[in-house]
Amino acid sequence: MERYRRKKKELILLNELLLWKGQSVRYKENGQLQTGILEGLSENGSLILKTPSGTRLDFIDSPEDFHSLN
Numbered sequence: 001m002e003r004y005r006r007k008k009k010e011l012i013l014l015n016e017l018l019l020w021k022g023q024s025v026r027y028k029e030n031g032q033l034q035t036g037i038l039e040g041l042s043e044n045g046s047l048i049l050k051t052p053s054g055t056r057l058d059f060i061d062s063p064e065d066f067h068s069l070n
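Residue numbers for the sequence shown follow full-length UniProt numbering, so the first one is 1 and each next one is one higher.
Dropping the structure here:
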């Protein structure tokens with residue numbers, strides 16, 4: 001249980017320090033340019049993006065050509 005609490009605290013800290021959190025990002029998926037809002041990190045460390053249609057996506061690795069639009 002203590003390990004879980006420590007991991008949760010680390011995740012909260014990482015999400016607070018995530019530079020692009022809440023910012024618009026652009027990336028390529030299947031050769032197509034896509035946009036979304038970076039929402040943060042999931043418990044398993046993947047990036048969580050919200051697309052303009054409201055769909056949430058998890059990426060274990062940064063997608064191709066991933067960068068901030070701000």
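Where a beta carbon is used, it is the ideal one built from N, C-alpha and C, also for glycine.
Quantities reported herein were computed from a predicted structural model and do not represent experimental measurements.
| Query | Result |
| --- | --- |
| Select from 41, 4, 3 the residue whose C-alpha is nearest the C-alpha of residue 18. | 41 |
| Residue 93 by DSSP, collapsed to three states: which one? | Since the first residue of the chain shown is 1 and the last is 70, residue 93 is not available in this structure. |
| Who does residue 34 pair with in a DSSP beta bridge? | 27 |
| When the Cα atoms are used, what is the spatial distance from residue 31 to residue 37? | 19 angstroms |
| With residue 68 as the anchor, note down where its beta strand (DSSP E) starts and where it stops. | 64 to 68 |
| Mind checking who residue 41 pairs with in its DSSP beta bridge? | 47 |
| Using only the alpha-carbon positions, how far apart do residue 62 and residue 13 sit? | 20 angstroms |
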